[in-house]
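Each residue of the sequence shown is one higher than the one before, counting from 23 in the working numbering.
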Amino acid sequence: KLADWIIDLGPEGGIAGGKVVAMGRPEDVAKVEDSHTGRWLAPLLERRPQHHDISPQIDASQADIVSMSAQLAL
23 KLADWIIDLG
33 PEGGIAGGKV
43 VAMGRPEDVA
53 KVEDSHTGRW
63 LAPLLERRPQ
73 HHDISPQIDA
83 SQADIVSMSA
93 QLAL
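If you want it as structure tokens, here you go:
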């Protein structure tokens, strides 16, 4: 989810649009039946984020760290 707030204009394009159909958090817009955007968002928001096990942290001695230096002519 990338949007905190949505203003859905419509319900259609051109002269059949230009009105605020829905406004609010994506979860709120997804519940508005007249919102094309809401109908598109609803199944996406129903998906639960996958939880991944976080691997244990390693200390820097186990990392591939390379130190380099360079001289550039200015």
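In this text, a Cβ means the ideal position worked out from N, Cα and C, and glycines have one as well.
Quick test of your reading: Met45 and Asp26, contact by CB under 8 Å. State the CB separation rounded to the nearest angstrom. As a working note, residue 45 is residue 23 in the sequence shown. As a working note, residue 26 is residue 4 in the sequence shown. Not really, about 12 Å apart at Cβ, beyond 8 Å.
Could you compute how far the alpha carbon of Val54 sits from the alpha carbon of Arg69? If you number the sequence shown from 1, residue 54 lands on position 32. If you number the sequence shown from 1, residue 69 lands on position 47. Each residue's alpha carbon lies about 18 Å from the other.
What would DSSP say about Asp30, mapped onto helix, strand or coil? On the sequence shown, position 8 is the one that residue 30 refers to. Looking at Asp30 - three-state DSSP - the assignment turns out to be strand.
Is Arg61 near the ligand HEM, with its Cβ less than 7 Å from a heavy atom? The ligand HEM is absent from the structure shown, which contains no ligands of any kind.
Along the beta strand (DSSP E) that carries Val42, what are the first and last residues, could you check? On the sequence shown, position 20 is the one that residue 42 refers to. First-last of the beta strand (DSSP E) with Val42: Lys41 to Gly46.
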